[in-house]
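Contents: one structure, followed by commentary.
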Amino acid sequence: MNLKEWCKIDEALYTAETNEQYLQFAGHDYDKKSIENLSKMKYLVSEIFVRSFSQPRILLLSSIENISDAMTKPLELKLHELRGSKIKSKDFKYGGKQVSWNTWRQFNSSESDDKKRRLVFDDFVKKTKYIAPVINLRFKKIRKIYSDLSGKVDHDQNGSFNPLDGYLISEKISQDRLKKLVSEMGARARTSFSSDLNSGTKLIGKEPEYYDDFYFFRNRIFQNMERYFTKINPVVTVKRTLGSIGFDFSKIHFDTDDRPNKYPSPICFFVKIPDDIRVLYKSESPYFNLSSCYHETGHAIHASSIKSELNYWEKYKFSMGIAEIFSILIESLTRNPSYLKDIGITNEKVLSELVWRNKFMELFFVVFYAANSLMKMEYWNRDLSIYEASRLYEKLIKKYMGLDVPGEYWMLHHILPEAIMYVPSYMIAAIRAAELERYLSNRFSDKWWKEPSAGKKIREIMAKGERINLEEFSKLDQNIFLKEICSS
Ligand SMILES: [Zn+2]
1 MNLKEWCKID
11 EALYTAETNE
21 QYLQFAGHDY
31 DKKSIENLSK
41 MKYLVSEIFV
51 RSFSQPRILL
61 LSSIENISDA
71 MTKPLELKLH
81 ELRGSKIKSK
91 DFKYGGKQVS
101 WNTWRQFNSS
111 ESDDKKRRLV
121 FDDFVKKTKY
131 IAPVINLRFK
141 KIRKIYSDLS
151 GKVDHDQNGS
161 FNPLDGYLIS
171 EKISQDRLKK
181 LVSEMGARAR
191 TSFSSDLNSG
201 TKLIGKEPEY
211 YDDFYFFRNR
221 IFQNMERYFT
231 KINPVVTVKR
241 TLGSIGFDFS
251 KIHFDTDDRP
261 NKYPSPICFF
271 VKIPDDIRVL
281 YKSESPYFNL
291 SSCYHETGHA
301 IHASSIKSEL
311 NYWEKYKFSM
321 GIAEIFSILI
331 ESLTRNPSYL
341 KDIGITNEKV
351 LSELVWRNKF
361 MELFFVVFYA
371 ANSLMKMEYW
381 NRDLSIYEAS
391 RLYEKLIKKY
401 MGLDVPGEYW
411 MLHHILPEAI
421 MYVPSYMIAA
431 IRAAELERYL
441 SNRFSDKWWK
451 EPSAGKKIRE
461 IMAKGERINL
471 EEFSKLDQNI
481 FLKEICSS
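Under the working numbering, the residue at position 434 of the sequence shown is numbered 434, and the numbers go up by one with no gaps.
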């Protein structure tokens, strides 16, 4: 088998598997057996790659990732199932059914009695004991797979190759640089975050407490502004804006229905790049719908703008630190008063409220993700147990956020207990998105979303897939991003 043949097979399997995952996350009937079988097939194909090829390195890394993914698939499905069946409240309901992990955010967003939210939070933290063994087993297995394949990869690391090393290679960043970047960002954001958090009653109408998590804030903080957004249809509006600067939506499908088993967090599936892209999201609250819909649409237009004639790995194997640039860029429109005016939000008071509340959420993002990233890096580096990881998490959350949150909370997050790393990619991408925004403003107009030439430029940058020319707009300089959000 030559490389070209290998790529064809791998792409076909990827497409079939992503389609099944889409059905699962959408809350439709899906074929569990098919997911398992496709995963097995992908495993075999990845094994062929690892045995027969060593280049391109990016495919070697993704093959190792696929091997570990496939070998731990039953545990991943088990985790999903336990989150729905065991992380469930006996006492409280949402939408007529017992609150479970899947409806937790919706419950938090709509429940006005803080005591009830606290009870559910405490209950769910205790119930992480049901998922902890599965998370532990899965991560242990992943570590072992990477270590066993150490010999296949050239890496500068002494000793065995771990999942964090793979992540750093694919993000093209050294461990020292990433650690420095993340901790510096966290440290710089901490002061502004704490002083804003202390004015909690202005933000969420109550003193902030440990059970008021990032996702609760994200919904609650905009609650008084929600009514200004009820008339805006996010899908229609984002399509109109991006359509006007030349983006084509014929290959992007949006699913906005609410189904009980639908995944609570918005998500975009690249079923086939660039021809079949699907966005899922369900209603949490009108302003959140708007920003999350823009975020996922950013992913969707990125994937659909990639040139189909590129090599397979160049089309599909871009890192998250690249993927999230465009989602964050498009999402940032929903924080931009000048853009919001364009879509009919004209009340000046509302706009200025939105600006500072959004700045607070970005500070929250930085301190929360700094803690998340550093915990995950240490987890892989020092081979921590779940208990140790939880204690470290508690410490880091206290350090960067100043709150006493039970460390087990990380297992209730939607990404932390599943992904090898992923989390710091958001921070890298946020820096690059701020740099890209500035680049577009300087080169075209402050209202770049109205300039077809800016749209053309963005598509030109996106079109190269993994071969993206980051230097064109980014030095990975955190100052632009941080200056926008830190008051001091
Ligand atoms: Zn994203």
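For every residue, glycine included, the Cβ atom is placed at its ideal position computed from N, Cα and C.
A distance of 7 Å or more separates the beta carbons of P264 and S292.
Under the criterion of beta carbons closer than 8 Å, I142 and I420 qualify as touching, at roughly 7 Å. Per DSSP, the beta bridge partners of C268 are V279.
Rounded to whole angstroms, the separation of the alpha carbons of H302 and F326 is 7 Å. In terms of side-chain proximity, the C-beta atom of S327 is found nearer than 6 Å to a non-hydrogen atom of ligand 1.
Setting aside the 5 residues that flank it on each side, G27 is surrounded in the same chain by R259, P260, N261 and K262, each with a C-beta closer than 7 Å to its C-beta; the list follows chain order. Look at D91 here: in three-state DSSP terms it is strand.
Contact between the stretch 184 to 200 and the stretch 87 to 106 is absent, with fewer than three C-beta pairs closer than 8 Å. Boundaries around I252 are those of the beta strand (DSSP E), I252 to D255, since no alpha helix (DSSP H) includes it. Within the same chain, S109, N219, F222, Q223 and E226 come within 8 Å of S285 by CB-CB distance, once the 5 residues on both sides are set aside. When distances are taken from the beta-carbon of E324 to the heavy atoms of ligand 1, the shortest one is below 6 Å. With contacts defined by Cβ atoms closer than 7 Å, T72 and R118 do not form a contacting pair.
In this structure, A434 lies away from G186, with their beta-carbon atoms at least 7 Å apart. Residue nearest to E471 within the set M320, G96 and R432 is R432 (criterion: CA-CA distance).
Contact check for R459 against S305 passes: the beta carbons are separated by less than 7 Å. Around the beta-carbon of Y211, 16 or more other beta-carbon atoms lie within 10 Å, marking it buried. A straight-line Cα-Cα distance of about 13 Å links R240 and S250.
When the five nearest sequence neighbours on each side are left out, the beta carbons in the same chain lying within less than 7 Å of the beta carbon of R438 are those of I480, in order along the chain.
In this chain, the beta strand (DSSP E) harbouring K97 covers K97 to S100.
For S474, no alpha helix (DSSP H) segment is defined, and its DSSP state is neither H nor E. Counting the other CB atoms within 10 Å of its CB gives Y387 a total below 16, which places it among the exposed residues. Per DSSP, reduced to three states, the secondary structure at R57 is helical.
Look at the beta carbons and you see the stretch 371 to 386 touching the stretch 158 to 176: at least three pairs across the two are nearer than 8 Å. For Q175, the enclosing alpha helix (DSSP H) begins and ends at Q175 to N198. Under the three-state reduction of DSSP output, I64 falls in the helix class.
In this structure, K315 sits near G465, with a CB-CB distance shorter than 7 Å. Under the three-pair Cβ rule at 8 Å, the stretch 400 to 416 does not count as touching the stretch 446 to 457.
K86 carries a coil assignment under DSSP once its states are collapsed to helix, strand and coil. Between V366 and A189, the C-beta gap is smaller than 7 Å, which places the two residues in contact. Of the candidates N289, G151 and A389, N289 places its Cα closest to the Cα of I232. Distance check between K349 and each of Y228, D255 and T18 places Y228 closest, using alpha-carbon atoms only.
The C-beta separation of I35 from L79 comes to about 14 Å, leaving the pair out of contact by the 8 Å criterion.
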